[in-house]
Amino acid sequence: GESVGLHLPTLSVQEGDNSIINCAYSNSASDYFIWYKQESGKGPQFIIDIRSNMDKRQGQRVTVLLNKTVKHLSLQIAATQPGDSAVYFCAEIKDNQGGKLIFGQGTELSVKP
Amino acid sequence: EPEVTQTPSHQVTQMGQEVILRCVPISNHLYFYWYRQILGQKVEFLVSFYNNEISEKSEIFDDQFSVERPDGSNFTLKIRSTKLEDSAMYFCASSPGLDTQYFGPGTRLTVL
């Protein structure tokens, strides 16, 4: 079946350190993956995306890595800041499912000053 | 920067009552979605809408739910007879194509 899950429910890092948030997925037919950030009381905010034909994509301070061999997705945040504290969700889409996003459980990132 | 907006931010209703949640998607987007998030849980897909019809729906989206795009800007979710378990945050999202979806701030629905 389809599922997207996260390895760790919580992650605590020191300000300035790099953060790595991991995600495992089981549907090898997924075409597109997105990382969202959700702050308390707000909607999911787009961070970065990656197509299944790519291995890596970089944004501003963030990098997403996709390992299709082991069905693993990771989000790397460089020089983590207190404003990065939030819950991070990975999500996947299959092109033939009307845009249905399947979300993982979420990892709560806590940044200590 | 264009944003998805939702009203109201909080809706309290009695069990069995009808509610309508409203969304204004980003203006040039073509695909529209509703998701819900029960407190402390992951975001769950409800329905996607394109070209004035539902393109995909989940098992949660039963006969009690309906969506409508009554004019060129609004996108609504109606729950005909609310149940206690409908209490959740409801998020609207939109996308230009079948890719990145942009979410609104959500409506917190509380069913008493």
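Chains U and G, in that order, are what the protein sequence lines are. As numbered in this note's numbering, the first sequence has no gaps in its residue numbers, which increase by one up to the final residue, 114. As numbered in this note's numbering, the second sequence has no gaps in its residue numbers, which increase by one up to the final residue, 1200. Every residue gets a Cβ at the ideal spot worked out from N, C-alpha and C, and that includes glycine. Source: prediction; values computed, not measured.
Chain U has no Cβ within less than 8 Å of the Cβ of T1195(G). A Cβ of chain U is located within less than 8 Å of the beta carbon of L1186(G). Under the three-state reduction of DSSP output, E1173(G) falls in the helix class. Contacts with chain U at 8 Å (Cβ-Cβ) do not include Y1178(G). In chain order, R1110, C1111, V1112 place their CB closer than 8 Å to the CB of N1162(G), counting only its own chain and leaving out the 5 sequence neighbours on each side. Residues of chain G with a Cβ closer than 7 Å to the Cβ of Y33(U) are, in chain order, D1187.
Take V1199(G), set aside five residues on each side of it, and the residues of its chain with a beta-carbon closer than 7 Å to its own are T1101, M1103, T1170, K1171, L1172, D1174, S1175, in chain order. Boundaries of the beta strand (DSSP E) around A87(U): 87-94. For M1177(G), the closest C-alpha among the options S75(U), Q15(U), S41(U), Q77(U) is that of S41(U).
Per the C-alpha coordinates, the member of F47(U), E16(U), N23(U) positioned closest to Q1189(G) is F47(U). Close to K43(U), with beta-carbon spacing below 8 Å, are these residues of chain G in chain order: P1193, G1194. At a Cβ-Cβ threshold of 8 Å, A92(U) and I103(U) count as neighbours. Burial check for S13(U): the Cβ neighbour count within 10 Å stays below 16, so the residue is exposed. Every beta strand (DSSP E) stretch that sits fully inside the stretch 1129-1164 of chain G and reaches 3 residues is listed by chain position as 1132-1138, 1141-1145, 1153-1156. Taking 7 Å as the Cβ-Cβ cut-off, the stretch 1141-1158 of chain G approaches chain U at S1143, E1144, given in chain order. Around the Cβ of L1134(G), a 10 Å sphere holds 16 or more other Cβ atoms; the residue is buried.
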